[in-house]
Structures are given as structure tokens and as C-alpha cells.
Amino acid sequence: MKKHTREVEAKLMTFTCQWCKQTVTQLRLPSPHSYCSERCRTEARREQQKQLMRLRRAK
Ligand SMILES: [Zn+2]
Numbered sequence: 001m002k003k004h005t006r007e008v009e010a011k012l013m014t015f016t017c018q019w020c021k022q023t024v025t026q027l028r029l030p031s032p033h034s035y036c037s038e039r040c041r042t043e044a045r046r047e048q049q050k051q052l053m054r055l056r057r058a059k
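Note that the sequence shown covers residues 1 to 59 in the numbering used here.
Below is the structure:
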């Protein structure tokens with residue numbers, strides 16, 4: 001098994017949750033879409049899928 005020479009660093013980041021718009025500071029890996037909690041991530045994904053379905057239906 002190969003050992004990672006360098007792991008992706010989690011950093012203390014302050015960001016605005018894409019779902020509830022709260023500004024939070026969390027130790028996390030850098031990512032383009034940031035949510036303050038699993039719940040927000042789940043809710044946002046659900047809403048995105050709903051909108052996609054709506055768009056498909058509108059065509
Ligand atoms: Zn949130």
C-alpha cells in the first residue's frame with residue numbers, strides 16, 4: 001500500500017453557506033460549494049434536482 005506523501009490539508013475557513021446563507025467558520029477541505037452542514041448540502045441538492053426536473057419538463 002502506497003502512503004500519501006502529502007495529504008490535502010483541511011483549513012479553518014470562513015465561508016457563507018450556499019443554502020442557508022449563514023457565515024460560518026469550519027475546519028474543512030477547500031471546495032467550490034460550501035455548506036455549513038450535511039443537512040444544508042442535502043437540502044440544496046434536493047432543490048437543484050427539483051429545478052432540473054422543472055427545466056426538463058418546460059422544454
Ligand atoms: Zn447552511
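Where is the CB? At the ideal position from N, CA and C, for every residue including glycine.
As the structure is a computational prediction, the values presented were derived from the model and not from experiment.
Unbroken beta strand (DSSP E) stretches of 3 residues or longer found wholly inside the segment 5-31: 11-16 and 23-28, given in chain order. TYR35 and THR5 have their alpha carbons spaced roughly 29 Å apart.
CYS40 is the residue among CYS40, ARG45, MET53 and ARG28 whose C-alpha sits nearest the C-alpha of GLN22. Relative to ligand 1, even the nearest heavy atom lies 7 Å or more away from the CB of GLN26. The C-alpha of ALA10 lies about 7 Å from the C-alpha of PRO30.
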